[in-house]
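What follows is a set of notes on a single structure, which appears directly below.
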Amino acid sequence: MYRRRRRAYFVLMGVCLVLFVSAWAFVRLWSMPAAIAMCVVAMVIPPVAAMVGNRKGPEDRWWDEPGGQEERQRPPPPGDARPRKDGGATGDPESDAWWDELDGRKRRG
């Protein structure tokens with residue numbers, strides 16, 4: 003998914019550059035309104051490209067989102083759930099699993 007989004011982003015930005023450069027390189031010689039229209043279209047493309055490049059696909063996993071509705075309604079664990087400086091466990095198995103996943107120590111299967 004990441005490769006597809008990245009490719010779409012670069013294609014859109016390439017189209018933006020082509021429109022802008024061609025508008026002022028040679029289209030302005032034939033029609034100034036067409037060159038301005040091309041620049042207006044090119045101006046709209048970068049925000050669209052950013053949205054396309056950053057959208058979340060249905061199969062993407064995002065580490066900062068809870069997994070399901072039950073998890074969203076559950077209160078946070080009591081006490082400090084951050085890992086210790088020495089890399090030891092916090093005592094909360096759910097928090098330890100979360101930090102291990104973020105650090106790449108364990109992979110969810």
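In the working numbering, the protein residues as written are 3 to 111. The beta carbon of each residue, even a glycine, is placed where N, CA and C say it ideally should be. Keep in mind it's a predicted model, so treat the numbers as computed, not measured.
Applying the criterion that 16 or more other CB atoms from any shown protein chain within 10 Å of the CB defines a buried residue, is V50 buried or exposed? Position 48 of the sequence shown, counting from 1, holds the residue named residue 50. Answer is exposed; the Cβ neighbour count stays below 16.
What does the Cβ neighbour count give for L31, buried or exposed, with the cut at 16 atoms within 10 Å? Counting from 1 along the sequence shown, the entry for residue 31 is found at position 29. Exposed, because fewer than 16 other Cβ atoms sit within 10 Å of the Cβ of L31.
Specify the secondary structure class of G59 as computed by DSSP and reduced to three states. Within the sequence shown, the letter at position 57 stands for residue 59. In the structure shown, G59 sits in coil (DSSP, three-state: anything other than H, G, I, E or B).
Please look up how many angstroms separate the CB atoms of L21 and A44, rounded, as I've assumed it's under 8 Å. Position 19 of the sequence shown, counted from the start, is the residue given in the question as residue 21. Position 42 of the sequence shown, counted from the start, is the residue given in the question as residue 44. Between A44 and L21 the Cβ distance is about 4 Å, and since that is below 8 Å, they are a contact.
Any heavy atom of the ligand COA closer than 7 Å to the CB of R6? With respect to the ligand COA, the structure offers nothing, as it holds no ligand at all.
Beta-carbon spacing of R8, G55 below 8 Å: Sequence index remark: in the sequence shown, residue 8 carries index 6 (1-based). Sequence index remark: in the sequence shown, residue 55 carries index 53 (1-based). Contact flag set, yes.
CA-to-CA distance, A39 to I47, given in whole angstroms: Counted from its first residue, the sequence shown places residue 47 at position 45. Counted from its first residue, the sequence shown places residue 39 at position 37. Going by the C-alpha atoms only, they are around 13 Å apart.
When we look at the beta-carbon of V42 and count the other beta-carbons within 10 Å, is it buried (16 or more) or exposed? Within the sequence shown, numbered from 1, the residue matching residue 42 stands at position 40. Its Cβ having fewer than 16 others within 10 Å, V42 is exposed.
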